[in-house]
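Let me begin by presenting the structure, written as structure tokens, before commenting on it.
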Amino acid sequence: MEDDYLARIGKLIRDARQHRGWTQSQLADALATSQSAVNRIERGNQNISLEMIARIGEALDSEIVSLGYAGPMHLRVVGGRRLSGSIDVKTSKNACVALLCGSLLNKGRTVLRRVARIEEVFRLLEVLGSIGVRTRWINDGVDLEIVPPAELDMASIDAEAARRTRSIIMFLGPLLHRMDSFRLPYAGGCDLGTRTIEPHMIALRRFGLDIAATEGLYHAQVDRSVAPDRPIVLTERGDTVTENALLAAARHDGTTVIRNASSNYMVQDLCFFLEALGVRVDGIGTTTLTVHGVPSIDVDVDYSPSEDPVEAMSLIAAAVVTESQLTIRRVPIEFLEIELAVLEEMGLDHDRTTEYAADNGRTRLVDLTVRPSKLEAPIDKIHPMPFPGLNIDNVPFFAAIAAVAQGQTLIHDWVYDNRAIYLTDLNRLGGRLQLLDPHRVLVEGPTRWRAAEMMCPPALRPAVVVLLAMMAAEGTSVLRNVYVINRGYEDLAERLNSVGAQIEIFRDI
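Our numbering applies: residue 1 is where the sequence shown begins, and numbers increase by one.
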């Protein structure tokens with residue numbers, strides 16, 4: 001009985017290690033043990049203590065091998081420390097999830113370079129694996145290989161994983177070309193209020209897709225006789241809406257014009273990827289996209305998604321709120337120009353290198369050095385606009401930045417119903433934020449931050465804003481249940497520690 005128990009534990013550990021893309025040697029290094037010891041554990045040939053199980057779970061960031069019902073991950077932050085040195089921006093979370101959905105268009109092998117190793121990606125990989133798509137981390141876990149089956153097994157879809165990501169909605173565009181009927185679980189993700197999928201349906205109905213929503217599922221039927229006969233006008237210039245329309249148009253045998261399209265960074269990356277698949281897209285970077293679709297795609301493709309401007313903005317904010325000099329490398333400058341213009345008016349001291357190309361050959365990057373600055377509140381309110389305006393996902397970082405500036409800043413987050421409310425969590429850390437209504441918050445600065453223990457907000461960007469404020473607060477803070485941060489950031493605590501932060505990851509055991 002004991003041998004069977006050890007074998008089952010060993011298999012769980014092996015599966016978790018392979019999912020993370022590690023070799024036995026890499027796990028051994030993380031545990032300060034030998035590769036042969038890891039091999040014996042995975043074969044069930046070595047007794048293993050509860051402490052070792054907990055250590056393995058921590059090293060692999062895997063709830064599978066945690067003891068009993070695994071507790072959530074927490075962060076203990078020793079604040080008041082200055083950051084220094086340089087840090088690279090990772091690849092775009094939103095581009096990577098769009099490309100994973102886009103890989104369903106291709107019958108051939110897709111390789112995505114330097115994919116963000118985040119919970120949102122892991123959930124999509126679980127969904128893809130459950131329907132028969134073979135995915136594996138290659139090149140020491142840096143890159144991702146995706147090989148689809150001849151037929152997708154939608155009946156076996158991992159509903160739990162699907163419901164933990166809103167990105168599952170982007171399966172609709174590719175799947176309508178692969179089957180006449182299918183079911184998808186309701187999309188989940190951040191708690192940002194009611195978010196209707198009607199704009200998606202308005203676009204996809206033009207390709208014959210009809211959706212009935214019942215009992216937690218989208219029931220999809222495709223009428224092959226229906227095809228776009230005039231330009232598709234999106235009722236919302238949303239990123240995922242545009243991506244879904246692009247994915248549907250890519251394998252429509254004809255030309256599709258999409259108007260009021262988002263021209264944001266993840267949309268551009270998806271367009272570049274479609275071009276690598278052999279689909280011509282005119283108007284990239286504008287609000288009118290013309291897609292010259294092809295009925296079948298069967299190519300081996302190798303693509304490098306560009307860097308994440310929202311992560312870059314969060315690193316800029318980290319330097320500002322901790323009054324640090326920090327160099328942020330590989331910043332996709334064309335998607336941060338408005339944000340930096342606003343910060344310059346507030347008094348930010350910074351400089352940037354000459355531009356160079358990202359690995360996709362298209363996106364423009366710079367290295368940006370931020371220095372301690374005396375900031376003044378902006379005259380105008382901070383509010384998002386579709387690209388090339390201030391990015392909606394960057395608005396929360398201005399709450400932390402405004403909190404260290406002299407004067408009052410009005411932040412108007414008109415897109416989401418709940419997110420402005422979550423920004424008032426900064427008051428627990430000494431902030432002076434007044435909620436005017438569910439979309440507007442008034443920030444008074446400068447702030448004398450103080451340490452606190454609190455639960456993580458259920459929305460990604462406000463959660464990171466709270467973490468940044470904790471890094472600025474003298475003393476020790478605790479941020480509990482940070483799964484939502486792991487949805488969008490890869491090893492954020494460790495990377496911030498590499499430039500001078502002091503953040504400890506721990507779990508309740």
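Note that beta-carbon positions come from the ideal geometry of N, C-alpha and C, so glycine has one too.
Check whether residue i and residue j have beta carbons under 8 Å apart
{"i": "Val370", "j": "Ala405", "result": "no"}
{"i": "Ile328", "j": "Leu315", "result": "yes"}
{"i": "Leu514", "j": "Val484", "result": "Outside the displayed range of the chain (1 to 509) lies residue 514, so it cannot be described from this structure."}
{"i": "Gly85", "j": "Val499", "result": "yes"}
{"i": "Gly173", "j": "Ala248", "result": "yes"}
{"i": "Ile169", "j": "Ile138", "result": "no"}
{"i": "Ala7", "j": "Gly44", "result": "yes"}
{"i": "Glu510", "j": "Arg136", "result": "The chain is shown from 1 up to 509; residue 510 falls before or after that span and cannot be answered."}
{"i": "Ala403", "j": "Val441", "result": "no"}
{"i": "Asp143", "j": "Val115", "result": "yes"}
{"i": "Pro396", "j": "Pro446", "result": "no"}
{"i": "Val321", "j": "Asp393", "result": "no"}
{"i": "Ala501", "j": "Leu83", "result": "yes"}
{"i": "Ala159", "j": "Pro185", "result": "yes"}
{"i": "Arg183", "j": "Met154", "result": "yes"}
{"i": "Ala451", "j": "Thr476", "result": "yes"}
{"i": "Gly347", "j": "Lys374", "result": "yes"}
{"i": "Glu323", "j": "Pro388", "result": "no"}
Coil, strand or helix - residue i by DSSP
{"i": "Val241", "result": "helix"}
{"i": "Asp179", "result": "The sequence given here places Met at residue 179; Asp does not occur at that position. Met179 falls in the coil class under three-state DSSP."}
{"i": "Thr287", "result": "coil"}
{"i": "Pro457", "result": "coil"}
{"i": "His439", "result": "coil"}
{"i": "Leu67", "result": "Residue placement at Leu67 cannot be trusted, given a pLDDT of 43 that sits under 50; the coordinates are not used to answer."}
{"i": "Val372", "result": "One point to set straight first is that residue 372 is Pro, not Val, in the sequence displayed. Of the three classes helix, strand and coil, the one that applies to Pro372 here is coil, per DSSP."}
{"i": "Pro396", "result": "helix"}
{"i": "Gln18", "result": "helix"}
{"i": "Leu479", "result": "strand"}
{"i": "Cys190", "result": "Model confidence at Cys190 stands at a pLDDT of 40, short of 50, so the residue's coordinates are unreliable and nothing is read from them."}
{"i": "Ile138", "result": "strand"}
{"i": "Arg432", "result": "strand"}
{"i": "Asp302", "result": "strand"}
{"i": "Leu112", "result": "strand"}
{"i": "Arg251", "result": "coil"}
{"i": "Thr165", "result": "coil"}
{"i": "Ser86", "result": "strand"}
{"i": "Ile9", "result": "helix"}
{"i": "Asn486", "result": "helix"}
{"i": "Gly102", "result": "helix"}
{"i": "Ser49", "result": "coil"}
{"i": "Ile118", "result": "coil"}
{"i": "Tyr265", "result": "helix"}
Per DSSP, the bridge partner or partners of residue i
{"i": "Thr91", "result": "Glu307"}
{"i": "Gln408", "result": "Glu444"}
{"i": "Ala220", "result": "Phe182, Ile211"}
{"i": "Val233", "result": "Arg259"}
{"i": "Pro332", "result": "Leu365"}
{"i": "Phe506", "result": "His74"}
{"i": "Gly79", "result": "Gly475"}
{"i": "Ala357", "result": "Arg364"}
{"i": "Thr513", "result": "This structure cannot settle anything about residue 513, because the visible part of the chain is limited to 1 through 509."}
{"i": "Arg280", "result": "His292"}
{"i": "Arg450", "result": "Glu474"}
Range of the contiguous alpha helix (DSSP H) that encloses residue i
{"i": "Arg461", "result": "460 to 472"}
{"i": "Asp29", "result": "24 to 31"}
{"i": "Arg495", "result": "492 to 497"}
{"i": "Met201", "result": "198 to 204"}
{"i": "Tyr422", "result": "419 to 423"}
{"i": "Ser156", "result": "Segment: none, Ser156 is in no alpha helix (DSSP H) and carries neither H nor E."}
{"i": "Ala341", "result": "337 to 346"}
Boundaries (first-last residue) of the beta strand (DSSP E) holding residue i
{"i": "Phe387", "result": "Neither: Phe387 is in no beta strand (DSSP E) and is coded neither H nor E."}
{"i": "Gly143", "result": "The sequence shown places Asp at residue 143, rather than the Gly named in the question. 143 to 147 is the span of the beta strand (DSSP E), which, as asked, contains Asp143."}
{"i": "His350", "result": "349 to 352"}
Test: residue i CB closer than 8 Å to a CB of chain D
{"i": "Glu504", "result": "Of the protein chains in the structure, only one exists, and it is not chain D."}
Practice task
Could you say if the segment 212 to 227 and the segment 146 to 157 meet the contact criterion of at least three C-beta pairs nearer than 8 Å?
Solution key: no
Practice task
Assess, as a yes-or-no matter, whether the segment 464 to 479 is touched by the segment 428 to 443 under the definition of 3 or more beta carbon pairs within less than 8 Å.
Solution key: yes
Practice task
Count the C-beta pairs between the segment 263 to 275 and the segment 242 to 251 that are closer than 8 Å, then say yes if the count reaches three, no if not.
Solution key: yes
Exercise for the section: Evaluate contact between the segment 151 to 171 and the segment 118 to 131, counting only Cβ atoms and requiring at least three cross-stretch pairs below 8 Å. Expected result: yes
Exercise for the section: Give a yes or no on contact between the segment 353 to 362 and the segment 376 to 383, applying the rule of three or more CB pairs nearer than 8 Å. Expected result: no
Problem - Inter-stretch contact at 8 Å, needing at least 3 Cβ pairs: the segment 101 to 110 / the segment 288 to 305 - result: yes
Problem - Any 3 or more C-beta pairs closer than 8 Å across the segment 227 to 241 and the segment 252 to 262 - result: yes
Practice task
Please determine if the segment 28 to 45 and the segment 480 to 495 are in contact, where contact requires at least 3 C-beta pairs separated by less than 8 Å.
Solution key: no
Exercise for the section: Count the C-beta pairs between the segment 408 to 415 and the segment 448 to 456 that are closer than 8 Å, then say yes if the count reaches three, no if not. Expected result: no
Practice task
Assess, as a yes-or-no matter, whether the segment 273 to 290 is touched by the segment 212 to 221 under the definition of 3 or more beta carbon pairs within less than 8 Å.
Solution key: no
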